[in-house]
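Counting from 1, one number per residue, gives the positions in the sequence shown under UniProt numbering.
Glycine is no exception: its CB is placed at the ideal position from the N, C-alpha and C atoms.
Note that the structure is a prediction, hence the values are computed from the model and not measured.
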Amino acid sequence: PRKPRTIFTARQLLELERRFENQKYLTSTERSCLAFILGLSDEQIKVWFQNRRSKWKRGS
Numbered sequence: 001p002r003k004p005r006t007i008f009t010a011r012q013l014l015e016l017e018r019r020f021e022n023q024k025y026l027t028s029t030e031r032s033c034l035a036f037i038l039g040l041s042d043e044q045i046k047v048w049f050q051n052r053r054s055k056w057k058r059g060s
């Protein structure tokens, strides 16, 4: 059974997008720190950045 889709808050998305603007890739330490600040798991941050890079490469 798959994990249900994460619903990000507006604040979380704002911070994630802001970080992505400045930095397309995070180190594991940066990821852990961001996860802690936003109240998400490392895995959720990792997947969000993977998906966002994919969207960015498609030119969206």
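Asked: CA-to-CA distance, R53 to A35, given in whole angstroms; Found: 18 Å
Asked: CA-to-CA distance, R58 to N51, given in whole angstroms; Found: 11 Å
Asked: 9 Å Cβ cutoff met for L38 and R11; Found: yes
Asked: Cut-off 8 Å between Cβ atoms - residues of its own chain near E43, not counting five sequence neighbours on either side; Found: none
Asked: Whole-angstrom distance between R31 and R19, CA atom to CA atom; Found: 11 Å
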